[in-house]
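Those protein sequence lines, which keep their order, are chains A and B.
Here my numbering runs 9 ahead of the position in the first sequence, where the first position is 1.
Here my numbering runs 4 ahead of the position in the second sequence, where the first position is 1.
The beta carbon of each residue, even a glycine, is placed where N, CA and C say it ideally should be.
This one's a predicted model, so the numbers in the text were calculated from it and none came from an experiment.
Data block below; observations after.
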Amino acid sequence: MAVSAGFKSDLLGSIPSLRAFAVSLSQNADKADDLVQETLVKAWDKHESFQPGTNLKAWLFTILRNEFYSQMRKRGREVQDSDGIMTARLAVHPAQHGQLDLEDFRGALEKLPEDQREAIILIGASGFSYEEAAEICNCAVGTIKSRVSRARSRLQEILQISGEDDFGPDAISAQVMTSPAD
Amino acid sequence: MGHKGNMKDQNKNSAAGAGRHQAGAGDPLGPNSEIGRKLKQYYNDLVSYEVPDRFSDLLSQLEQTESALKKD
């Protein structure tokens, strides 16, 4: 069966998120683009195994992630770009958001183990559900939940964000109400 | 080509819809969370980078290879 024009344009449309995920995983812009390239070739070759109407983005993310880990195994994890130059090289980005601490956040994210980083990216940024993330990472939903929670605590610790808990403003008002001096 | 548009929308909807059930005050990475906000900012920043031509070139190449094979 021929690859449809629709499939091609859907692949094109998903490149920005694939690149974002690839950079988040590999923390290296060149490697990220190689990963995306490999993912597109694989997706093209096995387009018949994709079921139209299901989540193409999740399917592509799964391919990319598998590619990332198999490359990492092959290379024996040699090159972890530790200079933090990776995202800086990704492209010349015209408008800075004027947010100084995005760099700090990037650095903190880099310190997380891959499994935690990918989990918190999939859930907190890529818009996947826990179930979808579990499928992408080929693990249990509970595993994703615990990775996300560990990633979040670790980020809070590194960035020294305090006073943030799982219960939002309700917990704060609860504290106010239960803390009169008695 | 209507089909193509539909598929895209479906994908988008399913991703957004799936994320939505965890939004709200109880969502540890939701809008009330500093980490959650930073995470989205970091990611959206990456998504907004311009896509190099090498990728559309690659897809056109794959397409050409395929149609060349079909003619043989």
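Rounded C-alpha distance that separates residue i from residue j
i, j, result
"residue 66 of chain A", "residue 150 of chain A", "19 Å"
"residue 18 of chain A", "residue 52 of chain B", "18 Å"
"residue 55 of chain A", "residue 111 of chain A", "37 Å"
"residue 37 of chain B", "residue 163 of chain A", "14 Å"
"residue 152 of chain A", "residue 25 of chain A", "27 Å"
"residue 12 of chain A", "residue 72 of chain B", "13 Å"
"residue 70 of chain B", "residue 159 of chain A", "46 Å"
"residue 121 of chain A", "residue 154 of chain A", "15 Å"
"residue 56 of chain B", "residue 80 of chain A", "22 Å"
"residue 75 of chain A", "residue 139 of chain A", "18 Å"
"residue 148 of chain A", "residue 129 of chain A", "14 Å"
"residue 54 of chain B", "residue 66 of chain B", "22 Å"
"residue 58 of chain B", "residue 29 of chain A", "16 Å"
"residue 35 of chain B", "residue 44 of chain B", "10 Å"
Exposed unless 16 or more other CB atoms sit within 10 angstroms - verdict on residue i
i, result
"residue 73 of chain A", "buried"
"residue 48 of chain B", "exposed"
"residue 42 of chain B", "buried"
"residue 50 of chain B", "buried"
"residue 68 of chain B", "exposed"
"residue 60 of chain A", "exposed"
"residue 39 of chain A", "exposed"
"residue 94 of chain A", "Low local confidence applies: a pLDDT of 47 at residue 94 of chain A is under 50, so the model's placement there is unreliable, with the coordinate-based value given in what follows. The residue is exposed, with fewer than 16 neighbouring Cβ atoms inside 10 Å."
"residue 31 of chain B", "buried"
"residue 58 of chain A", "exposed"
"residue 14 of chain A", "exposed"
"residue 103 of chain A", "Annotation note: pLDDT 40 at residue 103 of chain A (below 50); position unreliable, no value reported."
Under 7 Å between C-beta atoms of residue i and residue j
i, j, result
"residue 156 of chain A", "residue 125 of chain A", "yes"
"residue 127 of chain A", "residue 27 of chain A", "no"
"residue 31 of chain A", "residue 41 of chain A", "yes"
"residue 69 of chain A", "residue 117 of chain A", "no"
"residue 84 of chain A", "residue 39 of chain B", "no"
"residue 33 of chain B", "residue 133 of chain A", "yes"
"residue 114 of chain A", "residue 46 of chain B", "yes"
"residue 36 of chain A", "residue 119 of chain A", "yes"
Neighbourhood of residue i by C-beta, 8 Å cutoff - its chain only, sequence neighbours within 5 removed
i, result
"residue 141 of chain A", "64, 67 and 131"
"residue 144 of chain A", "67 and 71"
Same chain, Cβ closer than 7 Å to residue i, five either side skipped, listed in chain order
i, result
"residue 20 of chain A", "49 and 52"
"residue 176 of chain A", "Since pLDDT at residue 176 of chain A reaches only 46, below the 50 mark, its modelled position is unreliable, and no value is offered."
"residue 96 of chain A", "In this prediction, residue 96 of chain A has a pLDDT of 48, which is less than 50 and means its spatial position is unreliable; what the coordinates show is noted afterwards. Answer for residue 96 of chain A: 32, 38 and 115, listed in chain order."
"residue 16 of chain A", "56"
"residue 62 of chain A", "none"
Sequence-distant residues of the same chain with beta carbon closer than 6 Å to residue i, five excluded per side
i, result
"residue 24 of chain B", "Unreliable placement is indicated for residue 24 of chain B, whose pLDDT of 43 sits below 50; no coordinate value is reported for it."
"residue 22 of chain A", "none"
"residue 146 of chain A", "none"
* With contact counted as at least three CB pairs below 8 Å, one residue from each stretch, are the stretch 44-61 of chain A and the stretch 48-62 of chain B in contact? -> Three or more Cβ pairs closer than 8 Å define a contact, and the stretch 44-61 of chain A meets that threshold against the stretch 48-62 of chain B.
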